[in-house]
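Using numbering that gives the first Met the number 0, you'd call the opening residue of the sequence shown number 0 and step up by one each time.
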Amino acid sequence: MFLSACVFFFLPKVLQLSIQNCQNSCIIELSVIIFQVFFTLSSRMFASLFVVILGLCYCSKESSQFILGRPRLFGPSEALVGEVLDLHCELEIYPKNESILLQLFKEGVRDKLFGEYSSLNGVVANFPLVIKQSLEGNLECVAKGQNNSNMEPTVSYTHYLRVVEPVAGAAVIVDSGPVEFFEGKTLKLSCKLKAGNYVSYKWLLNDKLLPQSPLHYAADQHLSIYRTTPKDSGSYMCVATNHFNKTVFTSNSSGVSITVKDVVSNPDLSFTVSKEGSNEYFAMVTCQSTRGTLPVTFSLYNRTEVIANATVEARKATFKVPLVLGQHLGRLQCQANNGDRIGYSGLIPLEVVPVGGPVMMHYDYDVGENYAVIGLRLYCKAAKGSLPRYQWFLNRTLLHDQGSFYYVVNQPPEQSILLLSVGRSSAGTYHCEVSDSYDNTTAISSKRKYLDKEVLNRIPVLVVAVVFGCFTFLVFLISVCCWTGVLFRRRRYGEKSLLSLEMERMTPAYEDELELSEYNEDADVVKTARGGEFDQESSDASLD
C-alpha cells in the first residue's frame, strides 16, 4: 500500500518531467495511455511497467525525431507542351513552427529536381512548371525537414502527367527504295514527324482514303502494300492527327508519286505478205503485246539469229523480212522487254505456199418443224495455200461479210463458212473463189451449186434410188425363195399335182382305220329316241 501511495504521489511529477525531456509525440501519447492503464492494473505490474517507461523516455532524449505524414501531390493529369502548369503538394500531418521542404521529382529519380517549396505550418506547396516532353510520367512529392535533420522524409503517391505535343512536319518516306518499280514487288512507306505524340495516321492515295485490302497493311506510321500492281500507282500522302482536350491537331504531308510499272506480256507473232514489183515478196512480221509499260523493245529472231530490234512507244512493232514463195526459210520468234523480265512469243514457220486447187465446196443444214430445212452452212476449202482469201458469190454477185440472209465466217487458212437462212431471197447458184491474199490476180473457183427451199426439201435422187433398189431386191428375194420351193417339191414327188398329193394324204381318215367306238351314242339317248318313235306310230294308228 505504501508503494502504491508513493507511485500516486510521484507519478505526475515524473510524467511532467518526461514530457519536457521527450520531443517525440509518439512517446508522449504512449506515456499518457500507460498512465490511464495504471488504474486498471495491479500495483506490482504497474511498478514494473513504469520503470520501463522511464527507461524509454531517458533513451529517447538523445535520439527523438518527429515523423511527418505522407504528402499528397495533386493537379492536372494532362498538359500541352509549352504551357505553364501548376502542381500542388500538401502535408496533412506536420509539426508546428517547423519549416518543411517539399520537392518534386520523377518517380525513383532524385538527381533531377523539377521544383521545391518551403512550407510552414501546413501551407500547400505550389510547383509552377513549363511543360516539356521530359515531364511526362509518374511524379512524386518528397517532404522533409528543412532545418531539422532528425525528421524522416516521406514520399507521396505518384501522380501521372500526360504531356501532349501537337503534331507537326509530317513527311512520307519511301522505305522500300525507288519510287518507280515493276509490279509484284512490295511498297513500304512511313510517315515521319518533326513533333508530336499520341498520333493516329491515315493514308491517302490520289487524295482519297486508301481502300481496305488484304494486301494493304498499315500499322502506326508504317504502310506496306504487297504484290503491287499498276493500280497502286499514284500520289501517296499521310495525315497525322492528335488531340488535347477538345482541340484537334493535324499535319498533312506532301504527296509522293509512286509509279508501278506493268511488266510486258508475251507478244503475239504474225505476218502478212507484201508484193513489191512484179516478183518481189516480203513478210511483214508484227510483234504485239497486250500490256506493258512503255517503251517496249521488240526483237525478232530466226531461230537463234537476231533479224531486227526496235524500241517503240507502243506495244506493237513491224519488221520487213525478204521472202521466197514456196520455200521454208526458218522459224520466227519475237521477244519483248520493258526493263523487267522478257516476254517470248511462240515459234511460227517462215514459209508461204501459194494457193492451189482444187477448191471444194460442201454444205450441211438445220431442220425445223416437219423436218423442213431452215438453215444452211456452206464450206469452202482450198487444197493448199498459206494465206488464202475467200470470196462467196450468189448468181455471180459477190457477197460481203454480212447481209440480210447470210453471214460470212472466215477461218483462214483452213476454210470459210457461209451461213444462210433458207428462204426466197437465198435461192440461187452459189460458188466460192480462193486467191492469195497478197496477189489477187488469179483465183481458183469451186463448182457451182443451185440451192432453194424446194430443192433442199426434195428427197434426193440417190435416196429414192436406194429405197427403190432395196424394195426391188426384197421382192426378187421373195420370188426366188418361192420358185426354189416349187422346184424342190417337183423334184421329190414328180409330176403329181399339189391337189392329188393333198387327197392322198386325207384318204386314210375315211377308211377302216377309223374306230367305230368314236361314233357310239349313249344308250339312254338311243332308248329315248326309240320310245319316241313307238309313241308316234301308235298315235298314228289310232287316228286311222
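Cβ coordinates follow ideal geometry from the N, Cα and C atoms, glycine included.
About 7 Å separates the Cβ atoms of ASN137 and LYS105, confirming a contact at the 8 Å cut-off.
The alpha-carbon of LEU204 is positioned some 6 Å away from that of SER234. The alpha-carbon of GLN390 is positioned some 14 Å away from that of THR428.
Taking a C-beta distance under 7 Å as the contact criterion, THR228 and LYS260 do not qualify as a contact pair.
The residues CYS88, CYS140, SER155 and HIS158, in chain order, have a CB closer than 6 Å to that of LEU72 in the same chain once the five nearest residues on each side in sequence are set aside. The beta carbon of ASN308 lies closer than 8 Å to those of THR296, PHE297, SER298 and LEU299 in the same chain, with the five residues before and after it left out.
Residue state for SER478 is assigned as helix, using DSSP reduced to three classes. Relative to LEU103, the option among GLU97, ASN96 and LYS111 whose CA is nearest is LYS111.
In the DSSP assignment, LEU209 falls outside any alpha helix (DSSP H), carrying neither H nor E. The continuous beta strand (DSSP E) containing LYS448 extends over residues 448-450. Taking one beta carbon from each stretch, the stretch 470-484 and the stretch 393-413 have fewer than 3 pairs nearer than 8 Å; the two do not touch. Its Cα nearest to that of SER269, the residue GLU350 stands out among SER212, GLU279, GLU350 and ASN336. The closest CA to that of GLU453, considering only SER250, CYS469, VAL465 and GLY422, is found on GLY422.
Nearest in C-alpha terms to TYR197, of all of ASN147, TYR343 and PHE243, is PHE243. For LEU100 and ARG109, the gap between their C-alpha atoms comes out near 15 Å. DSSP places TYR370 in the helix class (H, G or I) of the three-state scheme. Taking all protein chains in view, the Cβ of ASN278 is surrounded by fewer than 16 other Cβ atoms within 10 Å, so the residue is classified as exposed. When secondary structure is reduced to three states using DSSP, GLN326 falls in the coil class, being assigned neither helix nor strand. 7 Å or more divides the Cβ of PHE113 from the Cβ of VAL166. Excluding five sequence positions before and after SER420, the CB atoms of its chain that fall closer than 6 Å to its own CB belong to PHE404, given in chain order.
Looking only at GLY107, SER434, VAL255 and HIS215, the smallest Cα-Cα distance to ASP206 is reached by VAL255. SER234 carries a strand assignment under DSSP once its states are collapsed to helix, strand and coil.
Counted as a single uninterrupted DSSP element, the beta strand (DSSP E) harbouring MET283 occupies residues 279-287.
LEU324 places its beta carbon 7 Å or farther from that of PRO348.
Residue pairing for ARG71: DSSP places it in a beta bridge opposite GLU89. Look at ALA124 here: in three-state DSSP terms it is strand. Of all alpha-carbon atoms in GLU275, ARG290 and THR289, the one lying nearest the alpha-carbon of MET283 is that of GLU275.
A contact is defined here as three or more CB-CB pairs under 8 Å, and the stretch 210-224 meets this definition with respect to the stretch 181-191. CYS469 counts as exposed, since fewer than 16 other C-beta atoms from the protein chains shown sit within 10 angstroms of its C-beta.
Comparing alpha-carbon positions, the option among ARG447, TYR116, LEU386 and VAL463 lying closest to VAL272 turns out to be LEU386.
Pairing GLN334 with THR317, the inter-Cα distance amounts to about 13 Å. Distance between THR240 and SER250, taken at the CA atoms: about 7 Å.
Its chain contains LYS380 as the residues whose beta carbon lies nearer than 6 Å to that of MET359, once the 5 sequence neighbours on both sides are disregarded; these appear in chain order. For PRO266 and ARG340, the gap between their C-alpha atoms comes out near 13 Å. Taking the CA atoms as reference points, VAL485 sits about 21 Å from THR471.
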